[in-house]
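Engineer:
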Amino acid sequence: MTLLLQYVANGLAAGSLYALVALGIVLLYRCSRVLNFAHGDLATLGVFFAFSGITRGWPYGLALLGGLAGAAAVSAAFYRLLIKPVRQATALSLVITTLGFALFLSGLMVWAWGTDTKVFPFPLSEVRVFRFGGVVVSELTAGSLAVGLVLVAGLSALVQRTRLGLAMRAVAQNPVAAQLLGVPAGQVLAATWAVAGALGAAAGMLLAPAVLLDPFMMLDPFLKGFAAAVLGGMDSLPGAVAGGLILGVAESVFAGYVSVKYKATLSFVVIVAVLLVRPEGLLGRPFHRRV
Amino acid sequence: MVELRTSYAQDLRLVSGWTGWAGLLLLGGGLVLLPLVAPRYALYVVTLAAVHAVVAVGLNLLVGYTGQISLGHAGFFAVGAYTHGLLLTRLGWSFLPSLISAAVTSALFGYAVGLPALRLTGPYLAVATLAFGLAVHQVLVNWEALSGGRSGLFLPDVQLVGVSLKDDRALYWTVLAVASLLVWVAVRLVRSYVGRAWVAIRDSDVAAEVSGVNLTRYKTLAFALSALYTGVAGALMGHVVGFLEPQLFTLFESVYFFSMVVVGGLASISGSILGAVVLTLLPQALSGMGEVLNVLYGAAVILVLRFEPGGLAARWLRIQRYWRTWPL
Chain G
5 MTLLLQYVAN GLAAGSLYAL VALGIVLLYR CSRVLNFAHG DLATLGVFFA
55 FSGITRGWPY GLALLGGLAG AAAVSAAFYR LLIKPVRQAT ALSLVITTLG
105 FALFLSGLMV WAWGTDTKVF PFPLSEVRVF RFGGVVVSEL TAGSLAVGLV
155 LVAGLSALVQ RTRLGLAMRA VAQNPVAAQL LGVPAGQVLA ATWAVAGALG
205 AAAGMLLAPA VLLDPFMMLD PFLKGFAAAV LGGMDSLPGA VAGGLILGVA
255 ESVFAGYVSV KYKATLSFVV IVAVLLVRPE GLLGRPFHRR V
Chain Z
27 MVELRTSYAQ DLRLVSGWTG WAGLLLLGGG LVLLPLVAPR YALYVVTLAA
77 VHAVVAVGLN LLVGYTGQIS LGHAGFFAVG AYTHGLLLTR LGWSFLPSLI
127 SAAVTSALFG YAVGLPALRL TGPYLAVATL AFGLAVHQVL VNWEALSGGR
177 SGLFLPDVQL VGVSLKDDRA LYWTVLAVAS LLVWVAVRLV RSYVGRAWVA
227 IRDSDVAAEV SGVNLTRYKT LAFALSALYT GVAGALMGHV VGFLEPQLFT
277 LFESVYFFSM VVVGGLASIS GSILGAVVLT LLPQALSGMG EVLNVLYGAA
327 VILVLRFEPG GLAARWLRIQ RYWRTWPL
């Protein structure tokens, strides 16, 4: 029983990161109907910005903020300069554009920072632990879970309680009607992209201390976050969080009891199964298409 | 001077006019005679380009013509390569039966992936195919008895009509023959009922169904054939590289294949070949700067989509049209 609880705790920590990544993906998909394959690379770029800040001797908090702002700026610029001009195009060409940008960014990071892994300094330690009964939780795990939950709550407040959030929801529902009512859709979308970029970078910063920083660090978490988004439903923000946590726990339990080797494969088998049974995801609305 | 087509037979013709025939003869002759003059390394690069061209043509059947996204083609590439490799090494089959079995196996995998694709569109299909590609890669990495693990699976010396495929020229001619056959089939196919059914599905699946296109049959057929092309290319790739290891079949490989199709031009066979050749030669020409390779691929894809969504094929048509009406 303790063992199971331990697996669940580990799974929740990993799952909260997947949830953060998934939130960024879902936020963009809801608003602009773009599946952003560059999300993971944008996040890694943000972490590298922060890392450069730290090595130049900036104050720690300022460097982290700089990383978040950098990722947000690049994300918004990507939308403005590359996505928006092809907006009338098909879903396929938008996906391809983000894939191209992902490739471009990863190449750029390899070029600028090299492929060797770097230690990302972080105030929380992986070695110091809390004990709850028999369950051991490292400081880092607890911290990332807490920060993850705070960010999720913050995003939900942003979307549900602020004027910007209202505008985001309006644009997501019907961009043309929103524009007619005076919502500056372009700016709102750029802001959405910026928020998503910053969310991704935050997830990356929580992950970097645990896995070491390199240009392809976010590849696996991005794919998991993507899977979590599909699991929860591509147009549901609560779905993204639920999907992320479920995926994290399922993975951890599977790795503990069945096989560590096929841990990553499991998540994708789950996704395909979910897609077949319930294509709109757990909390998504079923989509109806008009011909 | 603009050529007008005045009969159906003229419209059906694959090659038109003496310029067309001359160009085809020149290209074909040049390709066949190339090994007599080219150095070994150049020959290797051209062989690689031909293998990639087969993948790009196959992928284009699915993405460009049928409008279904696939980010898992490295998976089919791996299925073809390993089926061929294992049949050759473990069971001692000869080249042709093994190649055909690899093609059939990949096609079956393509059919299996195509079934869920019937219910999935857009992002969901992207995820499902991505999942397939990753799953194949992980199974290969973890199931070492099958794949030979990180140390790799070395292909044996295979004879084809008495000549060893370890010989660069023999391999080149074999690859060229297979590629030409598959390209010819693709060109014929997209102009047939099947090709028109695919295009109809791409443009509007509901309208296609209403007009009597069997969606189940033609979507799964597109997946199966696309996988078959990719699998055959994978099998040939094994001979080009000499051994197989899981790292040849990563997600990045799928994305590279995708870039070739996009840069060459969606829904254009000649474009796919061009895209494959350009994106295979480019890294070789810039081999000193391996790090920025991804930058180049990414930039190429973005620029093409931004400025010439039809890819190199559309640009080529535009150049042709310009010269045809020159100096107007």
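From first to last, the protein sequence lines stand for chains G and Z. In terms of the working numbering, the first sequence opens at residue 5 and continues consecutively. In terms of the working numbering, the second sequence opens at residue 27 and continues consecutively. Ideal Cβ positions, reconstructed from N, Cα and C, are used throughout, including at glycine. Model, not experiment: these values are computed from the prediction.
Give me, in chain order, the residues of the same chain whose beta-carbon lies closer than 8 angstroms to that of Z:A64; leave out the 5 immediate sequence neighbours on both sides.
Structural biologist: Closer than 8 angstroms at Cβ, skipping near neighbours: V72.
Engineer: Which chain G residues are close to Z:A157, counting only those with a beta carbon under 7 angstroms from its beta carbon?
Structural biologist: The answer, in chain order, is F272, I275, V276.
Engineer: Distance check for G:S36 and G:A232, CA to CA, integer angstroms please.
Structural biologist: Going by the C-alpha atoms only, they are around 19 angstroms apart.
Engineer: Is any beta-carbon of chain Z found at less than 7 angstroms from that of G:A95?
Structural biologist: Yes, because at least one Cβ of chain Z sits closer than 7 angstroms to the Cβ of G:A95.
Engineer: In three-state terms, what does DSSP make of Z:M27?
Structural biologist: At Z:M27, the pLDDT of 47 sits below 50, so the modelled position is not reliable; the number obtained from the coordinates is stated separately. Z:M27: coil per DSSP, three-state reduction.
Engineer: According to the Cβ coordinates, are Z:A325 and Z:G297 closer than 7 angstroms?
Structural biologist: For Z:A325 and Z:G297, no; Cβs fall outside 7 angstroms.
Engineer: In angstroms, rounded to a whole number, what distance separates the CA positions of Z:N168 and G:T269?
Structural biologist: Approximately 10 angstroms between the Cα atoms of the pair.
Engineer: Is G:P283 close to chain Z? Criterion is C-beta to C-beta, closer than 7 angstroms.
Structural biologist: At least one chain Z Cβ lies under 7 angstroms of G:P283.
Engineer: Closer than 7 angstroms, CB to CB, is Z:A142 near chain G or not?
Structural biologist: A small fix is needed here, since residue 142 of chain Z is Pro in this sequence, not Ala. Output row for Z:P142: interface = yes.
Engineer: Does the beta carbon of Z:Y137 come closer than 7 angstroms to any beta carbon on chain G?
Structural biologist: No, because no Cβ of chain G sits closer than 7 angstroms to the Cβ of Z:Y137.
Engineer: At a Cβ threshold of 7 angstroms, is Z:G268 touching chain G?
Structural biologist: No - not a single Cβ of chain G is within 7 angstroms of the one on Z:G268.
Engineer: Looking at the C-beta of G:T196, does it have a partner C-beta in chain Z at a distance below 7 angstroms?
Structural biologist: Not one chain Z Cβ lies under 7 angstroms of G:T196.
Engineer: Have a look at the DSSP bridge pairing and note the partners of G:K122.
Structural biologist: DSSP lists G:L217 as partners of G:K122.
Engineer: Of all the CB atoms in chain Z, is at least one closer than 7 angstroms to the CB of G:F82?
Structural biologist: For G:F82, the answer is no, since every Cβ of chain Z falls outside 7 angstroms of its Cβ.
Engineer: By the criterion of Cβ-Cβ separation under 8 angstroms, what are the contact partners of G:I100 in chain Z?
Structural biologist: Simply F284, V288, V327, L331.
Engineer: Could you name each continuous beta strand (DSSP E) segment of 3 residues or more that falls completely within the region 224 to 285 of chain G, going from the start of the chain to the end?
Structural biologist: Segments of the beta strand (DSSP E) lying fully in the region 224 to 285 of chain G: there are none.
Engineer: Assuming contact is defined by CB atoms lying nearer than 7 angstroms, are Z:V41 and Z:I295 in contact in what I supplied?
Structural biologist: The answer is no: Cβ separation not under 7 angstroms.
Engineer: Out of Z:V165, Z:A76, Z:L117, Z:R217, which one is the CA nearest neighbour of G:F272?
Structural biologist: It is Z:V165.
Engineer: Taking the alpha-carbon of Z:L277 as reference, which of Z:Y137, Z:L134, Z:V153, Z:F333 has the nearest alpha-carbon?
Structural biologist: Out of Z:Y137, Z:L134, Z:V153, Z:F333, Z:V153 has the C-alpha closest to the C-alpha of Z:L277.
Engineer: If you drop the 5 nearest sequence neighbours on each side, which residues of the same chain put their C-beta closer than 7 angstroms to that of Z:A205?
Structural biologist: Only A76, A79, V80 meet the Cβ criterion.
Engineer: Where in the region 63 to 107 of chain G do unbroken runs of the alpha helix (DSSP H), each at least 4 residues long, occur, reported from the N-terminal end onward?
Structural biologist: As far as the region 63 to 107 of chain G is concerned, its whole alpha helix (DSSP H) runs of at least 4 residues are 64 to 82.
Engineer: In terms of residue numbering, what span does the alpha helix (DSSP H) encompassing Z:F158 cover?
Structural biologist: Element bounds for Z:F158: 148 to 168.
Engineer: Can you pull the chain Z neighbours of G:P225, defined as C-beta to C-beta under 8 angstroms?
Structural biologist: Within 8 angstroms Cβ-Cβ: nothing; G:P225 doesn't reach chain Z, min ~14 angstroms.
Engineer: Evaluate G:K228 with the Cβ neighbour count: other Cβ atoms within 10 Å of its Cβ, from every protein chain shown; 16 or more gives buried, anything less gives exposed.
Structural biologist: When all chains shown are included, G:K228 counts as buried.
Engineer: Mind checking the region 78 to 96 of chain Z against chain G and listing, in chain order, the residues whose C-beta falls within less than 8 angstroms of any C-beta there?
Structural biologist: Those residues of the region 78 to 96 of chain Z that come within reach of chain G (Cβ to Cβ, closer than 8 angstroms) are V89, G93, I95.
Engineer: Apply the 10 Å Cβ neighbour rule to Z:T242 and answer buried if 16 or more other Cβ atoms are within range, or exposed otherwise.
Structural biologist: That one is exposed.
Engineer: From the DSSP output, read off the bridge partner residues of Z:F269.
Structural biologist: Beta-bridge pairing links Z:F269 to Z:F180.
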